[in-house]
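J.: My structure is below; once you've seen it, I'll send some questions.
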Amino acid sequence: MSKSILVTGGAGFIGSHMVRMLDQRGFDVLIYDNLERGNADAVTAGTLIEGDLHDSEKLHAVFREHDIEAVMHFAALAYVGESVHEPALYYRNNVTGTQSLLDSMCANDVKKLVFSSTCATYGEPATLPITEDTPQNPINPYGQSKLMVEQILKDYAPAYGLRSIALRYFNAAGCSEDGSIGERHDPETHLLPLILFEALRVQAGGNPADTNLMVFGNDFDTRDGTCIRDYIHVNDLCSAHIAAFERMQKTPTEGAEQFNLGVNRGYTVLEVIDACRQVTGVDFGYNTVARRAGDPPELVADASLAMSRLNWKPVHADIKDSIRHAWQWYSAHPPAA
Ligand code: UDP
């Protein structure tokens, strides 16, 4: 029997795309998710085990009863604003939850981990584009919680022989190419889905002047005054995880590594809106409002280290691919009114 990959948070947005890709590439997949924010019906392959990261007895049983080669760890809370108001939730879920997972892994001799980290660990970088050597100074508890786990992984490598790769995602976007699974957050706070929700509303006959879409600030020091982000297609993130797993197989004693995952290109909020208008063919409107607290003006990756060391390349570097796939998904699964 071939060994399995355990995907924590496999019922969430990125995790569910990971499960699907692993299955398509012939891996045996186990999913561990507490289903608090994930959706069981997003799990299209593998075996779903409902469980919490803090339930170490259950985790031990999972590792004992299955032949698991590696863990891809997505289970986490990921709302920046919520983390500011409820830091306890973030440190409990993202840090102590992860530590419980790592301790079960080590106790059961499972020593390979791909970890979902984030560009939010960099805070407001002084220089751009962001490389892995850019100082990490997170400005919210979410980013801080991910950075703390990166540090735990660095300490566990020499002490317990835990091999890990932390992937620092820039802005995840898009959905599966065939429209079979997609993004479902409640509440939805991300730019691209919110733009497409507005396009759907206008397409259904809504008045563009009554727009729900808000642009958070147009007075940043950028080319059009709105924030710049590096949007990476969810399946490009997933293919990087498989590349990271393969690298860990080839270099088992390398310790803890970290790589940026982005496409090395930034779009302003207004450029994203314009691209969405082109892809959808809907002429929707927006209102400019005050800046959102904690938004750095520009976050753009230098992902060349991931490209060379992981032998990986994003295939959907054009944001219009992400928009097309997400539009297909939301057109078939419009948000509840
Ligand atoms: N944004 C916006 N309106 C929204 C949601 C987001 O103008 O309704 C902006 C936000 O200020 C940021 C960018 O879009 O500059 C991407 O935000 P998102 O929440 O999607 O991702 P983040 O960069 O915060 O991880």
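For the sequence shown, the numbering used here gives the first residue as 4, with consecutive numbering after it.
Glycine included, each C-beta is placed from N, C-alpha and C at the ideal position.
Going along the chain, which residues of its own chain have a beta-carbon closer than 6 Å to the beta-carbon of Ser86, five neighbours each way excluded?
T.: Here residue 86 is taken as the residue at index 83 of the sequence shown, counted from 1. Cβ within range, chain order: Tyr93, Asn143, Pro144, Tyr145.
J.: Cα separation between Ile34 and Ser307?
T.: For this step, residue 34 is matched to residue 31 along the sequence shown. For this step, residue 307 is matched to residue 304 along the sequence shown. When rounded, the distance between both Cα atoms is 31 Å.
J.: Any Cβ of chain D within less than 9 Å of the Cβ of Gly164?
T.: Although the question refers to chain D, the structure presented lacks it and comprises just one protein chain.
J.: With Ser119 and Leu62 assumed to form a contact (beta carbons below 8 Å), what rounded beta-carbon distance in angstroms separates them?
T.: Translated into the one-based positions of the sequence shown, residue 119 becomes position 116. Translated into the one-based positions of the sequence shown, residue 62 becomes position 59. Actually they do not touch by this definition, with Cβ atoms about 18 Å apart.
J.: At the level of alpha carbons, what is the spacing between Val113 and Leu194?
T.: In the sequence shown, the residue the question calls residue 113 occupies position 110. In the sequence shown, the residue the question calls residue 194 occupies position 191. Computed Cα separation, rounded: 37 Å.
J.: Since Asp36 sits in a beta bridge, which residues does DSSP pair it with?
T.: Position 33 of the sequence shown, counted from the first residue, corresponds to residue 36. Bridge partners of Asp36: Glu53.
J.: Going by alpha carbons, who is nearest to Thr420 out of Ile198, Tyr289, Ala160, Asn174?
T.: The chain is shown only over 4 to 340; residue 420 falls outside these bounds and no answer can be derived.
J.: Candidates Leu313, Arg187, Val285, Ala296: which alpha carbon is nearest His342's?
T.: Nothing can be reported for residue 342: it is not among the residues displayed for the chain, which extend from 4 to 340.
J.: Using DSSP with H/G/I as helix, E/B as strand and the rest coil, what is Arg166?
T.: Counting from one through the sequence shown, the residue named residue 166 turns up at place 163. Three-state result, Arg166: strand.
J.: Kindly indicate the opening and closing residues of the beta strand (DSSP E) around Thr11.
T.: Start at 1 with the first residue of the sequence shown, and residue 11 comes out as number 8. Its beta strand (DSSP E) spans residues 7-11.
J.: In three-state DSSP terms, what is Thr137?
T.: Numbered from 1 along the sequence shown, position 134 holds the residue referred to as residue 137. Note: Thr137 maps to coil in three-state DSSP.
J.: Of all the options Gly49, Ala43, Arg23, Arg40, which has the alpha carbon lying nearest to the alpha carbon of Ser7?
T.: Working through the sequence shown from its first residue, we reach residue 7 at position 4. Nearest of Gly49, Ala43, Arg23, Arg40 to Ser7, Cα basis: Gly49.
J.: Whole angstroms is fine: what's the gap from Gly15's alpha carbon to Met310's?
T.: Here residue 15 corresponds to residue number 12 of the sequence shown, with the count starting at 1. Here residue 310 corresponds to residue number 307 of the sequence shown, with the count starting at 1. Each residue's Cα considered, the two are about 26 Å apart.
J.: Can you name, in chain order, every residue of its own chain whose Cβ lies under 7 Å from the Cβ of Val46, other than the five neighbours on each side?
T.: Translated into the one-based positions of the sequence shown, residue 46 becomes position 43. Excluding positions up to five away in sequence, the list reads Gly13, Ala14, Ser19, Val22, Ile34.
J.: Considering Glu60, what are the terminal residues of the alpha helix (DSSP H) in which it resides?
T.: The sequence position of residue 60 within the sequence shown is 57, counting from 1. Per DSSP, Glu60 belongs to the alpha helix (DSSP H) from 59-68.
J.: Let's see if you can read the secondary structure: which residues bound the beta strand (DSSP E) around Glu260?
T.: Position 257 of the sequence shown, counting from 1, holds the residue named residue 260. Unbroken beta strand (DSSP E) run through Glu260: 259-264.
J.: Name the DSSP bridge partner or partners of Met2?
T.: Any property of residue 2 remains undetermined from this structure, which presents the chain solely from 4 to 340.
J.: With DSSP as the reference, label Glu89 as helix, strand or coil.
T.: In the sequence shown, the residue the question calls residue 89 occupies position 86. DSSP places Glu89 in coil when its eight states are reduced to three.
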